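Written out below as structure tokens is the structure these notes cover.
Numbering (mature numbering (1 follows the signal peptide of the UniProt record, and there is no 0)), first residue to last: -19 to -1, 1 to 270.
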């Protein structure tokens, strides 16, 4: 029995692992766009059609741009059969954005839709598929089973590494996959939070001090901002109440008895811990943990 068990283990270890025919990857470009790229692993293979699902769990996608290799938007032609009438060659007419569960196009901005594209004569420009989200978005990309997923020149479905996650950060904004992103949106997306030291007590985003005292990130100006919002239960938005910059822990404090406020003891403790002393500052407030 022990020998049999050992043989089974050896056989299990000997089973080869096969790479997917196509590997997809998504890259945040840092400017409100992200690029879906792919690598074809299967030999002598050309992709002639793609049906992909885009499902954003946060935010929406505002625009989709497709590599010129894909010169036919299949659902656009379905929705408007006259679209290619008189065309001397295929082209990117209409929209590549389609409904997920049935034939036909849909519109953007949208959180859940399909990308439906085909290839006839186009040549690649190396751009991949670019998604744009002005306010930032994150979610998942997967094959669209209704359209057969990713198809080769023989009409066969190719295996892929999908689903994969995607993330597009708002330009100049909080990283969409940061643990405090939802809190940032909830308080009106204050620009004052989008600095490297804000969560460490730096409310004004500037250094203070002099050649005589030395320079530091957290000082009197930051304290003044904190005082302006101290236990204020009437927060509206960053424009009305810029003291939201002193909400260093990105959380409410208070109780039903005192009321709830954005700036309180926890924020003061953070400021005190780095008061006129950069020793323990990390500058990692925008890092995704």
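We put the beta carbon where it would ideally sit given N, CA and C, even for glycine.
Note that this is a predicted model, so its numbers are computed, not measured.
What is the rounded straight-line gap between the Cα of residue i and the Cα of residue j?
i, j, result
"residue 212", "residue 241", "8 Å"
"residue 57", "residue 151", "29 Å"
"residue 198", "residue 250", "15 Å"
"residue 109", "residue 77", "13 Å"
"residue 98", "residue 139", "15 Å"
"residue 45", "residue 200", "45 Å"
"residue 32", "residue 53", "12 Å"
"residue -12", "residue 59", "Legend: pLDDT at residue -12 = 44, less than 50; position of this residue unreliable, value from coordinates given subsequently. Each residue's Cα considered, the two are about 53 Å apart."
"residue 259", "residue 178", "10 Å"
"residue 19", "residue 5", "4 Å"
"residue 235", "residue 8", "40 Å"
"residue 239", "residue 214", "9 Å"
"residue 254", "residue 189", "16 Å"
Would you mind reading off the limits of the beta strand (DSSP E) that contains residue i?
i, result
"residue 167", "No beta strand (DSSP E) holds residue 167; the alpha helix (DSSP H) holding it covers 162 to 167."
"residue 17", "14 to 21"
"residue 236", "234 to 236"
"residue 148", "145 to 149"
"residue 124", "118 to 124"
"residue 3", "3 to 9"
"residue 56", "Residue 56 -> not in any beta strand (DSSP E); alpha helix (DSSP H) instead, spanning 55 to 60."
"residue 259", "It is not in any beta strand (DSSP E) - residue 259 carries neither H nor E in the DSSP assignment."
"residue 191", "189 to 191"
Going by the beta-carbon positions, is the gap between residue i and residue j smaller than 8 Å?
i, j, result
"residue 41", "residue 119", "no"
"residue 131", "residue 94", "no"
"residue 219", "residue 169", "yes"
"residue 17", "residue 122", "yes"
"residue 23", "residue 43", "no"
"residue 71", "residue 27", "no"
Keeping to the same chain, check which residues put their C-beta closer than 6 Å to that of residue i; ignore five residues upstream and five downstream.
i, result
"residue 210", "224, 227 and 244"
"residue 231", "161 and 164"
"residue 174", "165"
"residue 80", "87"
Here's a check: name, in chain order, each residue in its chain whose Cβ is nearer than 7 Å to the Cβ of residue i, leaving out the five neighbours to either side.
i, result
"residue 206", "184, 185, 224, 226 and 227"
"residue 13", "113, 114, 115, 149, 151 and 152"
"residue 157", "39, 40, 117, 118, 119, 148, 149, 150 and 151"
"residue 191", "none"
How is the alpha helix (DSSP H) around residue i delimited, first residue to last?
i, result
"residue 247", "246 to 254"
"residue 217", "No alpha helix (DSSP H) holds residue 217; DSSP gives it neither H nor E."
"residue 203", "201 to 209"
Could you name the residues that DSSP lists as bridge partners for residue i?
i, result
"residue 98", "31"
"residue 113", "14 and 44"
Beta-carbon within less than 8 Å of residue i's beta-carbon, same chain only, minus the 5 sequence neighbours each way: which residues are those?
i, result
"residue 104", "49 and 50"
"residue 11", "150 and 152"
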